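J.: First residue of the sequence shown: 1, per UniProt numbering; consecutive thereafter.
Ideal Cβ positions, reconstructed from N, Cα and C, are used throughout, including at glycine.
If you're wondering where the values come from, they're calculated on a predicted model, not measured in any experiment.
Sharing a structure with you now.
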Amino acid sequence: MARPVVAIVGRPNVGKSTIFNRVIGDRLAIVEDKPGITRDRLYAPGEWSGKLFSIVDTGGIEIDGEDEIMKSVRMQAELAIEEADVIIFMVDAMAGLTHADDEVAHMLFRSRKPVVVAVNKVDNLRRTDEIYEFYSLGFGEPIAISGAHGTGIGDLLDAVVRKLPELEDIEYEDDVIRVALIGRPNVGKSSLVNAILGEDRVIVSHVAGTTRDAIDTPFEKDGQKYVLIDTAGMRKRGKVYETTEKYSVMRSLKAIERADVALILINGEEGIIEQDKHIAGYAHEAGKASVFVVNKWDAVEKDEKTMQNFEQHIRDHFLFMSYAPVVFLSAKTKSRLHKLLPVVDHVSEQHALRIQTHLLNDVVADAVAINPPPTDKGKRLRINYVTQVAVKPPTMVIFVNDPELMHFSYQRYLENKIRAAFDFEGTPVRIVTRRKS
Ligand code: GDP
Ligand code: GDP
């Protein structure tokens, strides 16, 4: 199920990133805290009152070549209007209502998108009279919050989830591999879609599903059914999309949510940039299988080391996704294209792999025998048993005497041993520790 997107919009310095961090840090426990995952996240999966959503801090999205405040706020608002399902419009009680706030309010109002006004920096909750002037923005009752003290955040999220829409979704049978093509503009997503659909023995069904954010194309090859979830084809030709390439992020989020396998496209001619990392990080955190697809390989001058060096370049930049295979190809000349779908099949299989408990316990017992857990303040971690509780992604629960004693490095060691024994290529593996003495 695709998650609705909640965007935070507002002038610089009203406290957007403070609130964003509060929301993801305190209330939402989904974010994995592992070394190597990009810190300056712009979006995170969230949950409140049992409702799932993604939250985006549009303030963190830089405007290429723009530095004026009004322009940047206007573009954030434009983006939120295009892509978000609910907008948190943040204003500053200390600064009071400004002209820029009024202008943004007009844009949001015309869009008819659901808007919640959050009045930040109400550090003294008895002084809620500070919020009255913000009624004039026209979005109903403003919510008083304080990023500094963490107050009012629950009320804000209550108001937000009340406005979340039920998103339409297209359902597919379990035997269909859902493949999302993600990557920044111009990496060649549309070209790759066309190349795949034009391959020999590919049978495209005539019914193509369309959601608000993507075009789905079901097809079949050699008896395997797939659906391509393509966000590029829906690209708007508006101002925002031409002036900055960072705006593809939100749309990618929804495509990733709906997919089993994320094809993370990288421009072989240009190499890796920060935005590639954000997009890849989201696929990882969402628990999807991933394949790095280095496109435009025809345009790269090569010798016998080029591919190996480029793969190393990817490994250096995506430390936390060492499980994801890399495919080099050209959507334009179709060279090496035939290598792609077999890799998709393989990672999709690994994503759904279920390991029998006794096999898993044998591997973990061997790993512990070779390299026993280190002691911590005189206490030693004892592992009782391990069992796989979920697939897509494979999720293991390790029952231990004291979860606090499980250190990241030891967990990584066990994960590596499990991977060495069972493959799991292309898929994240989640490991959860629980107490059982
Ligand atoms: P952004 O530019 O909208 O993302 O704003 P930031 O989150 O970076 O916050 C701007 C400044 O406002 C920082 O110095 C914060 O410490 C401060 N700030 C954020 N929330 C509050 C609050 O609730 N009360 C007060 N007094 N200051 C806050
Ligand atoms: P999208 O924005 O990610 O959908 O990218 P497009 O598919 O529209 O491609 C952007 C540009 O890159 C176009 O000019 C394509 O012709 C070009 N392009 C796409 N794939 C390749 C490729 O494999 N090799 C080369 N040389 N150019 C490509």
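Measuring CA to CA, which of Pro372, Arg354, Val291 is closest to Lys339?
T.: Val291
J.: Go to Met90, then tell me how far its beta strand (DSSP E) extends in each direction, as first and last residue.
T.: 86-92
J.: So for Arg3, helix, strand or coil by DSSP?
T.: coil
J.: Comparing C-alpha positions only, which one of Asp303, Tyr226, Arg22, Ile266 sits nearest to Ile314?
T.: Ile266
J.: Within 10 Å of its beta-carbon, does Met396 have 16 or more other beta-carbons around it, so buried, or fewer, so exposed?
T.: buried
J.: Assess, as a yes-or-no matter, whether the segment 3-21 is touched by the segment 95-107 under the definition of 3 or more beta carbon pairs within less than 8 Å.
T.: yes
J.: In this structure, does DSSP put Glu245 in helix, strand or coil?
T.: Because the pLDDT of Glu245 is 48, which lies under 50, any placement of that residue in the model is unreliable, and the number read from its coordinates should be weighed accordingly. Reduced to three states, the DSSP call for Glu245 is coil.
J.: CB Ile398 to CB Val386, shorter than 8 Å?
T.: yes
J.: Relative to the C-alpha of Pro165, which residue among Ile87, Ala77, Lys334 is closest?
T.: Ile87
J.: If you draw a straight line from the C-alpha of Pro325 to the C-alpha of Pro342, how long is it?
T.: 12 Å
J.: Can you list, in chain order, the residues of its chain with a C-beta nearer than 8 Å to that of Val363? Leave out the 5 residues immediately preceding and following it.
T.: Lys417, Ile418, Ala421, Phe422
J.: Closest to Ala159 by C-alpha separation, out of Arg22, Phe139, Ile170, Gly150, would be which residue?
T.: Phe139
J.: For Arg22, which of Glu47, Gly147, Ser72, Phe109 has the nearest alpha-carbon?
T.: Arg22 has its Cα closest to that of Gly147, out of Glu47, Gly147, Ser72, Phe109.
J.: Could you tell me the distance, in whole angstroms, from the CA atom of Arg380 to the CA atom of Arg354?
T.: 30 Å
J.: Can you tell me the Cα-Cα spacing of Met107 and Leu263, whole angstroms?
T.: 35 Å
J.: Please state if the CB of Ala283 and the CB of Ile256 are separated by a distance shorter than 8 Å.
T.: It is a contact, given that the beta carbons lie within the stated cut-off.
J.: Tell me which residues share the same chain as Leu156 and place their Cβ nearer than 6 Å to its Cβ, disregarding the 5 neighbours each side in the sequence.
T.: Answer for Leu156: Ala118, Ile143, Ile145, listed in chain order.
J.: Comparing the CB of Ala180 with every heavy atom of ligand 2, is any distance shorter than 7 Å?
T.: no
J.: Hey, could you find the ends of the beta strand (DSSP E) Gly46 is sitting in?
T.: 43-48
J.: To the nearest angstrom, report how far apart Gly271 and Glu301 are at their CA atoms.
T.: If you take the alpha carbons of Gly271 and Glu301, they lie about 13 Å apart.
J.: At a cut-off of 7 Å, is Ser17 close to ligand 1 when judged by its beta-carbon and the heavy atoms of the ligand?
T.: yes
J.: Whose CA, out of Ala7, Arg74, Arg162, lies closest to the CA of Gly50?
T.: Arg162
J.: Whole angstroms is fine: what's the gap from Ala280's alpha carbon to Lys436's?
T.: 35 Å
J.: Can you tell me whether Arg110 is buried or exposed, with buried defined as 16 or more other CB within 10 angstroms of its CB?
T.: By the C-beta density criterion, Arg110 is exposed, having fewer than 16 other C-beta atoms within 10 angstroms.
J.: For the segment 343-351 and the segment 372-379, state whether three or more C-beta atom pairs, one from each stretch, are separated by less than 8 Å.
T.: no
J.: With Phe134 and Val73 assumed to form a contact (beta carbons below 8 Å), what rounded beta-carbon distance in angstroms separates them?
T.: Approximately 16 Å separates the beta-carbon atoms of Phe134 and Val73; this is outside 8 Å, ruling out the contact.
J.: Could you tell me how far apart the beta carbons of Val193 and Asp230 are, in whole angstroms, since I believe they sit closer than 8 Å?
T.: Asp230 and Val193 do touch by the CB rule: their CB atoms are close to 5 Å apart, below 8 Å.
J.: Taking Cβ positions, are Val6 and Val56 nearer each other than 8 Å?
T.: yes
J.: Considering just the uninterrupted stretch of the alpha helix (DSSP H) at Pro342, what are its terminal residues?
T.: 340-351
J.: Should Asp57 be counted as a contact of ligand 2 given a C-beta to heavy atom distance under 7 Å?
T.: no
J.: At what residue ranges does the segment 160-184 contain a whole run of the beta strand (DSSP E), taking only runs of 3 or more?
T.: 176-182, all fully within the segment 160-184.
J.: Under a three-way DSSP split, which group does Tyr410 fall into?
T.: helix
J.: Excluding sequence positions up to five away, which residues of its chain have a Cβ less than 7 Å from the Cβ of Val368?
T.: Ile383
J.: If you compare alpha carbons, which of Ser322, Tyr226, Pro185, Glu103 is closest to Leu137?
T.: Checked all of Ser322, Tyr226, Pro185, Glu103; the closest Cα to Leu137 is Glu103.
J.: For Asp123, verify whether its CB is less than 7 Å away from any heavy atom of ligand 1.
T.: Checking the Cβ of Asp123 against ligand 1 gives yes.
J.: Ordered along the chain, which non-local residues of its own chain (more than five positions away) have a Cβ less than 7 Å from that of Arg201?
T.: Lys221, Asp222
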